[in-house]
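To convert, note that position 33 of the sequence shown is 45 in the numbering used here; the numbers rise steadily by one, no gaps. Where is the CB? At the ideal position from N, CA and C, for every residue including glycine.
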Amino acid sequence: MSNDNQYRITVEHLDHNQHSIQQLQFEFQDREDLFKLVENLKIGSGLPESEATKLSVGLRLLGPLMMQNRKHPLFIDFMPHFKTFMQNLKNTIKSALNHST
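Written out as structure tokens, the structure is:
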């Protein structure tokens, strides 16, 4: 896994004055360039930029975790639906990127 990209995610719970009152942080590795995926989803998904960013990050956290645990009872029923969703998403993005060039 030495060719993987290393990322750190920080989530802060903010109070009404935008001060951090609670935080969690973790690191993960990914073979994909997360920033490139975010940009491609912003361009090709038809979603607002902030939603495309959330979706990109969420999928890159969930997808590999599901693949590693695909036989786990929590994921086994969802896996076929996730696979279909990902295939449709990739086709949508690919088509949109091809039309934008």
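- Here glutamine 35 is bridged, per DSSP, to Glu24.
- Contact between serine 57 and threonine 104 is confirmed by a C-beta separation of about 7 Å, below the 8 Å threshold.
- In the three-state DSSP reduction, phenylalanine 97 falls in the helix class (H, G or I).
- Shortest Cα-Cα distance from leucine 46 to any of Met78, Asp16, His93 and Ser107 involves Asp16.
- Counting C-beta pairs closer than 8 Å gives fewer than three between the segment 78-93 and the segment 50-67, which falls short of the contact rule.
- Residue pairing by DSSP puts aspartate 42 in a beta bridge opposite Asn17.
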